[in-house]
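Input: a single structure, listed below in structure tokens.
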Amino acid sequence: MLEEFKEEEIVNKVGGRFKLSALIQKRIVALNRGARPLVELQTKNHMEVVVQEIMEDKIYLDQSGEVAITEEAVSPLEGVEYDDAGPSLEDLAP
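Residue numbers (the working numbering): 1240 to 1333.
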């Protein structure tokens, strides 16, 4: 019963089974190609990662049917390039 409730909750959150299927498929492809997960889980199972990203409102399908990331999901360090020593103090400054 609980699993059925979770399934319906996620289907409703995305806007239907077709959208859910498309979102999961596209996001898993992105993760397989090296995209970083937007949630911290102790698993390498991409399906679990994608479902958690959806439940935490980190990703959605945009109007063109592509995966979009919510602004809240973007890490402040996303896009910062750094060498082996890590990011500089300038990179970390607000």
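Here a beta-carbon is modelled for each residue, glycine too, at the ideal position from N, C-alpha and C. Everything numeric in this text was worked out from a predicted model, so none of it was measured.
- Could you give the distance in angstroms between the alpha-carbon of Thr1282 and the alpha-carbon of Asn1251? Their Cα atoms are separated by approximately 25 Å.
- For Ala1269, the three-state DSSP class (helix, strand or coil): Three-state DSSP puts Ala1269 in a helix.
- Task: Could you tell me the distance, in whole angstroms, from the CA atom of Leu1300 to the CA atom of Ser1260?
- Result: For Leu1300 and Ser1260, the gap between their C-alpha atoms comes out near 11 Å.
- Under 7 Å, do Leu1262 and Val1253 count as touching if we go by C-beta distance? Leu1262 places its beta carbon less than 7 Å from that of Val1253.
- Query: Would you say Glu1287 and Leu1277 are within 7 Å of each other, going by their C-beta atoms?
  - Reply: Not a contact, by the Cβ cut-off of 7 Å.
- Message: What does the Cβ neighbour count give for Lys1245, buried or exposed, with the cut at 16 atoms within 10 Å?
- Response: Under this definition Lys1245 is an exposed residue.
- Query: Helix, strand or coil for Gln1289 per DSSP?
  - Reply: The amino acid occupying residue 1289 in the given sequence is Val; Gln does not appear at that position. The answer is helix: DSSP assigns Val1289 an H, G or I state.
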